[in-house]
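J.:
Numbering (UniProt numbering), first residue to last: 1 to 124.
#1: Can you round the beta-carbon distance between residue 7 and residue 55 to whole angstroms, since I take them to be within the 8 Å contact cut?
#2: Going by beta-carbon coordinates alone, are residue 83 and residue 45 separated by less than 8 Å?
#3: Look up residue 34 in the DSSP assignment and say whether it is helix, strand or coil.
#4: Quick one, which of 72, 99, 13 and 121 has its alpha-carbon nearest residue 47's?
#5: Would residue 63 be called buried (16 or more neighbouring beta carbons within 10 Å of its own) or exposed?
#6: With which residues is residue 6 paired in a DSSP beta bridge?
#7: Buried or exposed: where does residue 79 fall if 16 or more other Cβ atoms within 10 Å of its Cβ makes it buried?
#8: For residue 94, which option in 35, 77 and 105 has the closest C-alpha, if you only look at C-alpha atoms?
#9: Quickly, what does DSSP pair residue 81 with across the bridge? List them, please.
#10: Can you tell me the Cα-Cα spacing of residue 21 and residue 114, whole angstroms?
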């Protein structure tokens, strides 16, 4: 089991942030989970704190997260692992985000728990 990871959940939906926070706290030991609700807040927090993992929603207020967003974050924070999180169609978007540097893609659906656990077990 992974220990002491610092995670940032960037999603405009409070319920999704709470659900994902619960999954991370369930599967990780001593995880520190912080949250932002838009890209502006996310960039601001990334400038002041170091994170091991960023769970990044694609569609948010004040700007959507494009593959270029992933590239820019990775340029500034090369050690951060980025996982995309969206209700959009995974099949049409996943390849572009993985090519940009994301390590995974979680679809907002009834399988979020399963995919979060798989991600933790295989990528963190």
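Cβ coordinates follow ideal geometry from the N, Cα and C atoms, glycine included.
Quick caveat, the model's predicted, so the values are computed rather than measured.
T.: The answer reads as follows:
#1: Your pair residue 7 and residue 55 checks out as a contact, with CB atoms roughly 7 Å apart and the cut at 8 Å.
#2: For the 8 Å CB-CB criterion, residue 83 and residue 45 do not form a contact.
#3: Note: residue 34 maps to strand in three-state DSSP.
#4: With distances taken between Cα atoms, residue 47 lies closest to 72.
#5: It counts as exposed.
#6: Answer is 32, bridged to residue 6.
#7: Per the 10 Å Cβ criterion, exposed.
#8: Taking residue 94 as reference, the option from 35, 77 and 105 with the minimal CA-CA separation is 105.
#9: DSSP output for residue 81 lists 53 as bridge partner(s).
#10: Linking residue 21 to residue 114 through their CA atoms gives a straight-line distance of about 14 Å.
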